[in-house]
Amino acid sequence: MPMKVLIVDDTNTDRLLLKLHLSKLGYRTIEASNGKEAIEQFIANSDDLDLILMDVQMPYLNGFDAVRSIRDIQEQQKQEWLPVIFLSASAEDDDVEDGILAGGDDYLIKPISQKILSAKMLAMQRIADMRRRLVESNLVLEELASTDHLTGVANRRAFEVMLEREMSFTRRYGVPMACAIFDLDKFKMVNDTYGHDAGDAVLVEVVRRITKNLRDGDAIGRLGGEEFGMILPKMPVDEVLAAFERYRAIVAEHPVIHEGVEIPITASIGVAGYTGKKEDKLALLKRADECLYEAKETGRNKVVYYAG
Numbered sequence: 001m002p003m004k005v006l007i008v009d010d011t012n013t014d015r016l017l018l019k020l021h022l023s024k025l026g027y028r029t030i031e032a033s034n035g036k037e038a039i040e041q042f043i044a045n046s047d048d049l050d051l052i053l054m055d056v057q058m059p060y061l062n063g064f065d066a067v068r069s070i071r072d073i074q075e076q077q078k079q080e081w082l083p084v085i086f087l088s089a090s091a092e093d094d095d096v097e098d099g100i101l102a103g104g105d106d107y108l109i110k111p112i113s114q115k116i117l118s119a120k121m122l123a124m125q126r127i128a129d130m131r132r133r134l135v136e137s138n139l140v141l142e143e144l145a146s147t148d149h150l151t152g153v154a155n156r157r158a159f160e161v162m163l164e165r166e167m168s169f170t171r172r173y174g175v176p177m178a179c180a181i182f183d184l185d186k187f188k189m190v191n192d193t194y195g196h197d198a199g200d201a202v203l204v205e206v207v208r209r210i211t212k213n214l215r216d217g218d219a220i221g222r223l224g225g226e227e228f229g230m231i232l233p234k235m236p237v238d239e240v241l242a243a244f245e246r247y248r249a250i251v252a253e254h255p256v257i258h259e260g261v262e263i264p265i266t267a268s269i270g271v272a273g274y275t276g277k278k279e280d281k282l283a284l285l286k287r288a289d290e291c292l293y294e295a296k297e298t299g300r301n302k303v304v305y306y307a308g
């Protein structure tokens, strides 16, 4: 996709000439006539903006101050770097230095040569392509770092981040939630009897069954081995037990079939409710784990719920 360029210049003729030249080169353009409009256009288009061409001398808010504000917004919102080229009639060394210190990446002197602008745009296109690839790579790495490779759901680290976020929401708005830890019963026997490939198939199938039945906003994560966590936000206290009984039944309802062999499977579930009291995620998980231990000790294939 061609670069999207924000052209900022208070002189209509200069702005039009830049737009025509960039359009001929195949770039997409949007415009602003002063620093204030530039900030507004940046906010509205920051998701797909690749470059800003910023005039320096403008009414209301000059280019240096506009870029300082834009860089502040980027820092506050943890946005990716965006190149800025200042445009000015002044070739003084101090002005060039001020532009770089204000957050600019390059400085062109007016009147701008079309050949020089074309060359600068080519260089910025290369940088934009590199930035795009870097962002895509970072997204892939982030997903790999937060996803369980076998089941495709959140790993423990990502699950705890989600849990902390939902607990914060409950503390702020008073909407109750529930956190559960469930464990597949006698899973070692599955691995010993049918093999580890069969064990992996069981884990994948159990996650598939539960994921298929999650409400919007519900979450599941693999905490390790055959142990999983679940988060049910916005869950009324008196509906929690029935909700997790339904998930328990979904797991136990049918055996998992692997290479033509039926493997019966059940799950024990420990559930801790949360209504916003002063408690961190580790304490909440500990309560859920204690309930899980009770479910295991009192017969397995059951739900033990502590409202909190």
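Numbering (UniProt numbering), first residue to last: 1 to 308.
Every residue, glycine too, gets a C-beta built ideally from N, C-alpha and C.
Query, Result
"Neighbourhood of A201 by C-beta, 7 Å cutoff - its chain only, sequence neighbours within 5 removed", "V256 and H258"
"Secondary structure of E31, DSSP reduced to three states", "strand"
"Neighbourhood of K234 by C-beta, 6 Å cutoff - its chain only, sequence neighbours within 5 removed", "V175"
"Cβ-based neighbour list, T170, same chain, cut-off 8 Å, excluding 5 preceding and 5 following", "P176, M177, P233, Y274, T275 and G276"
"G221 to K286 span [Cα, whole Å]", "16 Å"
"Sequence-distant residues of its chain with Cβ nearer than 6 Å to residue 313 (five each side left out)", "Only positions 1 to 308 of the chain appear in the structure, and residue 313 is not among them; the question remains open."
"Reduced DSSP secondary structure (H/G/I, E/B, other) of K4", "strand"
"Same chain only: Cβ atoms within 8 Å of Y194, ignoring 5 sequence neighbours per side", "H258, V261 and I263"
"I250 Cβ short of 7 Å to the ligand NAP heavy atom set", "This structure does not include the ligand NAP; it has no bound ligands of any sort."
"Among D148, K110, G103 and Q76, the one whose alpha carbon lies nearest that of F228", "D148"
"Contact under 8 Å by Cβ, I231 with D216", "no"
"I116 vs S88 beta-carbon contact at 8 Å", "no"
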